[in-house]
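Below is one structure, written out as structure tokens; comments come after it.
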Amino acid sequence: MNRRLGILLCDEHHPDSIKRFGTFDNDYKMMVDRVMPGQWQYSVWRCYQGSFPSSVDQCDAWIISGSKSSAYDSEPWILKLRLLIIDLARSDALLVGICFGHQIIHQSLGGSVRKFPGGWGLGAYPVKALCDFGRFKSGSIIRVLAVHQDQVDHVAPGFAVLATSDFCENAITRRGSSILTWQAHPEFVDGFFMDVCERLRTMVGDRLIDKALGAVGLPDDRAQAGEAIVHFLAGNGFNNSSRVSLP
Numbered sequence: 171m172n173r174r175l176g177i178l179l180c181d182e183h184h185p186d187s188i189k190r191f192g193t194f195d196n197d198y199k200m201m202v203d204r205v206m207p208g209q210w211q212y213s214v215w216r217c218y219q220g221s222f223p224s225s226v227d228q229c230d231a232w233i234i235s236g237s238k239s240s241a242y243d244s245e246p247w248i249l250k251l252r253l254l255i256i257d258l259a260r261s262d263a264l265l266v267g268i269c270f271g272h273q274i275i276h277q278s279l280g281g282s283v284r285k286f287p288g289g290w291g292l293g294a295y296p297v298k299a300l301c302d303f304g305r306f307k308s309g310s311i312i313r314v315l316a317v318h319q320d321q322v323d324h325v326a327p328g329f330a331v332l333a334t335s336d337f338c339e340n341a342i343t344r345r346g347s348s349i350l351t352w353q354a355h356p357e358f359v360d361g362f363f364m365d366v367c368e369r370l371r372t373m374v375g376d377r378l379i380d381k382a383l384g385a386v387g388l389p390d391d392r393a394q395a396g397e398a399i400v401h402f403l404a405g406n407g408f409n410n411s412s413r414v415s416l417p
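Be aware that the sequence shown starts at 171, since it is given in this note's numbering, and climbs by one per residue.
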């Protein structure tokens with residue numbers, strides 16, 4: 171029997187990006203299918219439009235997407251998502267948060283998020299693993315595409331930090347064997363990341379955008395990150411047994 175993954179979407183791609191890359195949920199489906207092809211069935215809720223699961227038992231595992239919104243905003247759907255996260259945490263559901271998902275999990279469970287005074291995090295900036303997990307060894311450098319201005323400044327109680335940097339102190343975190351959060355975007359492909367950068371150019375400025383775009387195509391760790399996330403969602407911890415490649 172296939173595992174059931176609930177994808178909690180907190181935003182959607184720009185209409186022009188959808189034409190080229192598909193909808194946001196497809197990014198996560200492709201990431202999962204690269205690692206465990208044919209082993210998952212998917213349910214998608216567009217939380218940003220007010221669509222939510224009726225029960226935490228509807229799926230075996232859950233992933234919360236990125237978003238242009240902030241985890242500390244008070245929009246009704248964000249407040250409702252925070253309540254759902256509390257229920258998921260109480261149930262020990264397998265849960266992964268990506269970017270905004272990473273942030274709102276901490277905001278919901280007793281941590282805090284703020285707009286980082288050091289500015290935007292763009293591109294595959296380095297973070298350092300603090301322990302062995304997945305294919306990453308303690309002390310190794312992890313590079314995965316990121317796009318964010320907010321950061322988790324205090325982790326929620328019970329969470330361990332798995333990777334850190336001077337720029338992003340709480341880059342990857344875990345609570346036991348049930349919750350994993352990741353600031354960067356292992357589901358992104360280069361073309362979509364380039365689209366996002368160009369749409370942010372007037373807001374972020376040419377210098378940071380050009381620097382991020384100039385590094386596109388260099389080796390990074392999206393495939394290894396995706397593998398670690400998918401095995402975690404499958405309840406295997408970080409038991410990565412197969413290599414994957416990223417187109």
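Even glycine gets a Cβ: it sits at the ideal position worked out from N, Cα and C.
The structure displayed is predicted, hence computed values, not measured ones.
(request) Give the range of the alpha helix (DSSP H) segment to which L403 is assigned. (result) R392 to L403
(message) Tell me which residues share the same chain as P246 and place their Cβ nearer than 8 Å to its Cβ, disregarding the 5 neighbours each side in the sequence.
(response) G220
(message) With DSSP as the reference, identify every bridge partner of D320, one or two as the case may be.
(response) As computed with DSSP, D320 is found in a beta bridge with K285.
(request) Kindly confirm or deny that the region 280-293 and the region 315-331 touch, where touching means at least three C-beta pairs closer than 8 Å. (result) yes
(message) Tell me the DSSP secondary structure of F337 in three-state form.
(response) coil
(message) Let me check understanding here. Comparing Cα to Cα, which of R345, S224, S310 and S213 lies closest to L165?
(response) Residue 165 is absent from the structure shown; the chain starts at 171 and stops at 417.
(message) Could you compute how far the alpha carbon of D262 sits from the alpha carbon of D230?
(response) 11 Å
(message) Let me check understanding here. Comparing Cα to Cα, which of S240, V400 and I275 lies closest to M201?
(response) V400
(message) Does P223 come out as helix, strand or coil in the three-state DSSP assignment?
(response) Coil, per DSSP.
(message) Rounding to the nearest angstrom, what Cα-Cα distance links V322 and K189 in this structure?
(response) 32 Å
(message) Give me the DSSP bridge partner(s) of W210.
(response) DSSP, once it has assigned bridges, lists R173 as partnering W210.
(request) From the DSSP output, read off the bridge partner residues of W352. (result) Note: W352 sits in a beta bridge opposite I268 and I342.
(request) Assign W247 to one of three DSSP states: helix, strand, or coil. (result) Helix at W247.
(request) Express the C-alpha separation of L292 and Y218 in angstroms, rounding to a whole number. (result) 24 Å
(message) Suppose you measure from the CA of G387 to the CA of F362; what does that come to, to the nearest Å?
(response) Annotation: G387 to F362 spans about 12 Å, alpha carbon to alpha carbon.
(message) I need the boundaries of the alpha helix (DSSP H) containing R377, first residue and last residue.
(response) Here the alpha helix (DSSP H) through R377 covers D376 to G384.
(message) Here's a check: name, in chain order, each residue in its chain whose Cβ is nearer than 7 Å to the Cβ of I311, leaving out the five neighbours to either side.
(response) P296 and K298
(request) Give me the Cα-Cα distance between A354 and V366, rounded to the nearest whole angstrom. (result) 14 Å
(request) Identify which residue in V205, D243, G271 and L249 has its Cα closest to the Cα of W232. (result) G271
(request) Tell me whether the beta-carbon of W290 lies closer than 8 Å to the beta-carbon of L378. (result) yes
(message) Given a cut-off of 8 Å on the beta-carbon distance, is the pair W215 and G176 in contact?
(response) yes
(request) Consult DSSP for R371 and reduce its assignment to one of helix, strand or coil. (result) helix
(message) What residue range does the beta strand (DSSP E) around V296 cover?
(response) Per the sequence shown, the amino acid found at residue 296 is Pro instead of Val. Its beta strand (DSSP E) spans residues P296 to A299.
(request) Might you give, ordered along the chain, the residues of its own chain that have their beta carbon closer than 6 Å to the beta carbon of I234, omitting 5 neighbours on each side? (result) L178, G267 and G271
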